[in-house]
Each structure stands twice: as C-alpha cells, then as structure tokens.
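When we follow my numbering, the leftmost residue of the sequence shown carries the number 7, and every step to the right adds one. Virtual Cβ for every residue (Gly too), placed ideally from N, Cα, C. Worksheet: one structure, shown below.
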Amino acid sequence: MGTGLELFSHGLETRKQAPGEARKKLGKNLGEKPGKKILELIEGKPDITMKEMADATGISEKGIEWHIERLKSEGVIKRVGAKKGGYWEILKG
C-alpha cells in the first residue's frame with residue numbers, strides 16, 4: 007500500500023495531454039473551424055449571447071470571447087447596440 011502522494015502524483019500524470027491534443031478534440035467537435043460555427047450561430051440568431059454560443063459549441067466563454075475578438079478584428083462581425091439588447095452583424099461571409 008503506497009502513500010496518498012503516489013496516487014495523487016499518478017492522477018496528475020494521467021491528466022497531461024500532448025501539445026495540440028486538446029485542439030484536435032476541439033476541432034472534431036466543431037468541424038475544424040470554431041469561427042465558422044460561431045458565424046453559423048450568429049446567422050441563425052443575431053441576438054445570441056456568448057454564453058449560448060459556449061453552450062452550443064462546447065468552447066468556454068473565454069474561448070468564445072477570444073474567437074469573437076478575432077472575428078471583430080478581422081472585420082468579419084460587429085456588435086450593434088448595447089451588450090444586453092444588442093445583436094451581432096455579419097459583415098463578411
């Protein structure tokens with residue numbers, strides 16, 4: 007019978023992922039393009055919230071924020087109106 011330390015250590019070992027492994031899993035869930043999935047969600051519901059996008063894609067809310075900022079900086083989408091009560095507009099498809 008070992009110490010709790012070995013069990014704890016072993017548990018940490020099993021949680022490590024090879025670089026890019028998590029990204030591959032994400033790509034499989036989203037058809038390789040998270041930005042495209044976000045655009046599809048916005049197209050279907052322009053007043054969609056980031057929380058709803060996160061729930062629909064399996065990406066964290068912080069991840070959604072990152073993708074939204076990237077899409078905004080590339081001139082693909084913009085937010086019209088207030089944070090609450092506003093909507094997303096797709097500028098480029």
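Alpha-carbon to alpha-carbon, residue j and residue i
{"i": "Gly87", "j": "Ile54", "result": "13 Å"}
{"i": "Ala84", "j": "Trp72", "result": "Residue identity differs from the one stated: residue 84 is Lys in this sequence, not Ala. Cα to Cα, Lys84 sits roughly 14 Å from Trp72."}
{"i": "Ala28", "j": "Ile74", "result": "Confidence at Ala28 is low in this model, with a pLDDT of 48, below 50, so its placement is unreliable and the value that follows should be read with caution. The straight-line gap from Cα to Cα measures roughly 20 Å."}
Helix, strand or coil at residue i [DSSP, three-state]
{"i": "Ile48", "result": "helix"}
{"i": "Ala62", "result": "helix"}
{"i": "His16", "result": "In this predicted model, His16 has a pLDDT of only 45, less than 50, meaning its place in the structure is not dependable; the value taken from the coordinates is given anyway. In the structure shown, His16 sits in a helix (DSSP, three-state: H, G or I)."}
{"i": "Lys89", "result": "coil"}
The alpha helix (DSSP H) enclosing residue i, as first and last residue numbers
{"i": "Glu71", "result": "Glu67 to Ser79"}
Run of the beta strand (DSSP E) containing residue i, from where it starts to where it stops
{"i": "Val86", "result": "Ile83 to Val86"}
{"i": "Ile96", "result": "Tyr93 to Ile96"}
C-beta contact flag for residue i and residue j at 9 Å
{"i": "Thr63", "j": "Leu47", "result": "yes"}
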